[in-house]
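Data first, discussion second: the structure below is written as structure tokens.
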Amino acid sequence: MIVLLTSYEVIDEIKEALENFCTGVVSCADIIIMASRDAVTLSGGPNWEVKLGRKDSLTASQADSDKVMPSPRANATALINLFNKFDLSIKDMVALSGSHSIGNGRCFSIVFRLYNQSGTGLPDPAIEPEYRAKLDSLCPVDGDLEVIGNLDATPFKFDNQYFKDLVNGRGFLNSDQTLYSLDSRTKEFVVHFSKDQEAFFAAFVEGMLKMGDLQSGLPGEIRSYCRKVNARSIEKALVKSV
Ligand code: HEM
Ligand SMILES: *[C@@H]1O[C@H](CO)[C@@H](O)[C@H](O)[C@H]1NC(C)=O
Ligand SMILES: *[C@@H]1O[C@H](CO)[C@@H](O)[C@H](O)[C@H]1NC(C)=O
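Here is the structure:
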């Protein structure tokens, strides 16, 4: 799938201000994790202390990212297995999916489930009919795939509305709805979080800390510009690969 990095200018601005103040000290990885935490907190979600000191990678590769990025077509079973590879539990996975409490997705990511779920030529039966009519008109067959829709009913508020929506068949992505509709192991947590926002917040923070602790084991650097590895490390990598 394509990883979208919209609003990345915000990260560039933070980085520039930091580099002017103390050059080469704060990694882009640390900036991103702090900005993510702040976005969650400012939109009504939990606040927590992030662990700092991560380095930026010496390479960047769409192919490497594609290997680990989950697909919006994935079902609960596939998501459980993928997250498990990173020692993230079913509870972590469901809670982390709750970040779809904020933000948008493109028609590109859902047309298959609106019109041809699993190649059946039919819509995903898990979609509640009124919501499906809404999605059908947002994303008609042969419509513009770049049009965006809300990932839950309150896309600017970090809350447990996302889980309430899933219980009501109003999940935007197939990967979201499947957590309620397909697998009893994930459904249990969806129902729990839909009724208990504090439990969701606590599990989300736990999942974010676990995800932030993941390490590639490869050497890193403090990038001076977040969109590119530092020039010197490109030269080194080239020398090595010759
Ligand atoms: C469980 C597996 C996941 C899948 C399959 C998935 C997939 C997606 C997809 C397809 C989109 C919309 C992209 C588009 O249509 O252009 C999206 C948006 C988003 N995802 Fe996920 N995601 C997953 C987990 C996560 C996690 C763990 C987080 C963070 C903790 C996250 C945070 C977000 C946010 C904030 C957006 C909205 C972006 C925006 O408004 O621009 N997602 N995700
Ligand atoms: C879930 O997805 C996997 C891999 O795409 C597929 O093999 C499996 O049959 C699906 N499971 C269900 C219950 O639909
Ligand atoms: C639905 O998907 C299947 C399998 O991918 C494909 O063979 C079929 O032509 C598709 N049908 C429509 C109407 O797009």
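Residue numbers for the sequence shown, in the numbering used here: 2 to 243. Glycine included, each C-beta is placed from N, C-alpha and C at the ideal position.
Buried or exposed by the 16-neighbour rule on C-beta atoms within 10 Å, applied to residue i
i	result
Glu50	exposed
Cys140	buried
Ser185	exposed
Ser8	exposed
Gly208	buried
Leu267	Because residue 267 is not part of the residues shown, which for the chain are 2 to 243, the question remains open.
Glu17	exposed
Ala64	exposed
Ser98	buried
Val26	exposed
Leu136	buried
Val148	exposed
Ala232	exposed
Phe22	exposed
Ala204	buried
Arg114	buried
Ala77	buried
Arg38	buried
Contact check, residue i vs residue j, beta carbons under 8 angstroms
i	j	result
Thr187	Val95	yes
Phe194	Val41	no
Pro73	Val206	no
Gly213	Ile103	no
Leu43	His101	no
Gln198	Asn161	yes
Arg171	Tyr116	no
Ser176	Ala30	no
Lys52	Leu210	yes
Lys92	Phe190	yes
Phe109	Leu146	yes
Where the beta strand (DSSP E) through residue i begins and ends
i	result
Gly106	105-107
Ile149	149-151
Nearest-angstrom beta carbon gap, residue j and residue i [assumed within contact, 8 angstroms]
i	j	result
Phe173	Ile111	6 angstroms
Leu58	Ile223	In the sequence on display, residue 58 carries Ser and not Leu. That pair is no contact at about 11 angstroms.
Ala61	Val230	7 angstroms
Leu167	Leu183	Not confirmed; about 11 angstroms, so no contact.
Element boundaries [alpha helix (DSSP H), containing residue i]
i	result
Asn161	That residue, Asn161, is in no alpha helix (DSSP H); it is neither H nor E in DSSP.
Ile91	91-98
Lys229	Run containing Lys229: none; DSSP gives neither H nor E here.
Thr179	175-182
Ile12	9-22
Asp137	130-139
Met70	Neither: Met70 is in no alpha helix (DSSP H) and is coded neither H nor E.
Ile111	Run containing Ile111: none; DSSP gives neither H nor E here.
Glu189	185-196
Thr78	77-85
Which residues DSSP lists as bridging residue i, in chain order
i	result
Asp39	Partner(s): none; Asp39 has no beta bridge.
Ser58	Gly221
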